[in-house]
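Here the sequence shown is numbered in the numbering used here, starting from 29 and rising by one per residue.
Here the structure comes first, spelled out in structure tokens, and everything after it is commentary.
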Amino acid sequence: AFRGGLAGVITVTPPRLTVSMASSPTTNNARFLMCFDFDETMISENSDNTVVNLLPTKQLPKWLLDSYREGHYHEFSGKVTAYLAEQGITKDALLSAVQKIPPNAGMLDLFRFLQSHQQDFELVVVSDANTCFIETWLEHNGLGHLFRKIFTNSSHFDDSGRLMLQPFHSHSCPRCPDNMCKQVILREYVADREKERGGVGFQRVFYAGDGSNDVCPTRALGPQDAAFARRDYPMHKLMMEMQQSESTEIKANLVPWVTGADIEDYLAKIIKER
Ligand SMILES: [Mg+2]
Ligand SMILES: [Zn+2]
29 AFRGGLAGVI TVTPPRLTVS MASSPTTNNA RFLMCFDFDE TMISENSDNT
79 VVNLLPTKQL PKWLLDSYRE GHYHEFSGKV TAYLAEQGIT KDALLSAVQK
129 IPPNAGMLDL FRFLQSHQQD FELVVVSDAN TCFIETWLEH NGLGHLFRKI
179 FTNSSHFDDS GRLMLQPFHS HSCPRCPDNM CKQVILREYV ADREKERGGV
229 GFQRVFYAGD GSNDVCPTRA LGPQDAAFAR RDYPMHKLMM EMQQSESTEI
279 KANLVPWVTG ADIEDYLAKI IKER
């Protein structure tokens, strides 16, 4: 599934901040890898916005918004969680708001479908959110056991109730925010799994996302693979532009999705091919 070189992408000693939720023996030799972004892909909101909406004003003050530096969203998120704690938004309030975020339409059915085909699919989350939010949401929805790995920024609450965030890794990809390149994560995971499985790689790799930082990992996909891009969201728009400029950088099939059913339909056809 992974053809072509790793042009311009060199990892710089990434600290491993992954959380292993489950590793069912039945998924050990799954033919396919399915990767999910979290915010606005699995869930219907951006969890950063959800927690800002807990403020009485439902918005951040201008001085805080003005402090954002392009490409340093992670640093900004740290300032936001500090501000939320100062404003009296507790850990319980944050986590309960995250639990209540509805899944995107058709996503629970898609997860049921994937669970019923767990001999075929290994599932991972690749997200620039954080461990506390993702684990809380997955556990609340009874989905934690489905995912073999969650790649996201490590987080914990300090004594004052502030959510502390650590950058996932460092990398040298010029296209990605400084704390996370999802392509580096995907390439390393696929290579590690192939080794762990005695040289057996995935037949196909699938990636479902919505955001601009979901484009980079799809550059690692081959012609057998598919990039599920939420229709009319930044990932889809950027990939359409790349296709229109006849760029050959994306080899995977671009499959726009509106609901999880669009992804399920595509995967159901792939399973039948054999
Ligand atoms: Mg997203
Ligand atoms: Zn990147």
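Don't be surprised by glycine CBs; every beta carbon is placed ideally from N, CA and C.
Reduced DSSP secondary structure (H/G/I, E/B, other) of residue i
i	result
Val283	strand
Val40	Confidence is the limiting factor: at Val40 the pLDDT is only 44, short of 50, which leaves the residue's position unreliable and the question unanswerable from this model.
Ile129	coil
Asp65	coil
Phe196	coil
Gly172	helix
Leu249	coil
Ala58	coil
Lys119	helix
Leu166	helix
Ser182	coil
Unbroken alpha helix (DSSP H) run spanning residue i, endpoints
i	result
Arg221	210 to 224
Arg140	135 to 144
Gly288	288 to 301
Ser75	75 to 80
Val243	243 to 246
Met270	262 to 272
His90	Reading off the sequence shown, one finds Lys at residue 90, where the question assumed His. Per DSSP, Lys90 belongs to the alpha helix (DSSP H) from 90 to 93.
Euclidean distance between Cα positions of residue i and residue j
i	j	result
Gly260	Gln127	First, the amino acid is wrong: residue 260 is Asp here, not Gly. The alpha-carbon atoms of Asp260 and Gln127 are separated by roughly 26 Å.
His100	Ala125	25 Å
Arg258	Glu103	26 Å
Glu301	Ala110	51 Å
Asn74	Leu166	15 Å
Leu123	His264	30 Å
Phe234	Asp148	12 Å
Ser72	Pro84	22 Å
Ser182	Asn158	6 Å
Ser273	Leu249	19 Å
Asp137	Thr276	34 Å
Val80	Trp91	15 Å
Met70	Gly226	31 Å
Phe196	Asn241	14 Å
Arg232	Leu88	42 Å
Gly106	Glu224	35 Å
Ile278	Ile178	25 Å
Gln289	Met135	Before going further, note that residue 289 is Ala rather than Gln in the sequence given. The straight-line gap from Cα to Cα measures roughly 7 Å.
Limits of the beta strand (DSSP E) - the one that residue i falls within
i	result
Ser105	Unbroken run through Ser105 is the alpha helix (DSSP H), 101 to 114; no beta strand (DSSP E).
Val152	149 to 158
Tyr235	232 to 237
Arg258	254 to 258
Exposure of residue i, with buried meaning 16 or more beta-carbon neighbours within 10 Å
i	result
Lys210	buried
Pro130	exposed
Gly237	buried
Ala296	exposed
Ala219	exposed
Glu98	exposed
Ser188	exposed
Pro202	exposed
His199	buried
Ser155	buried
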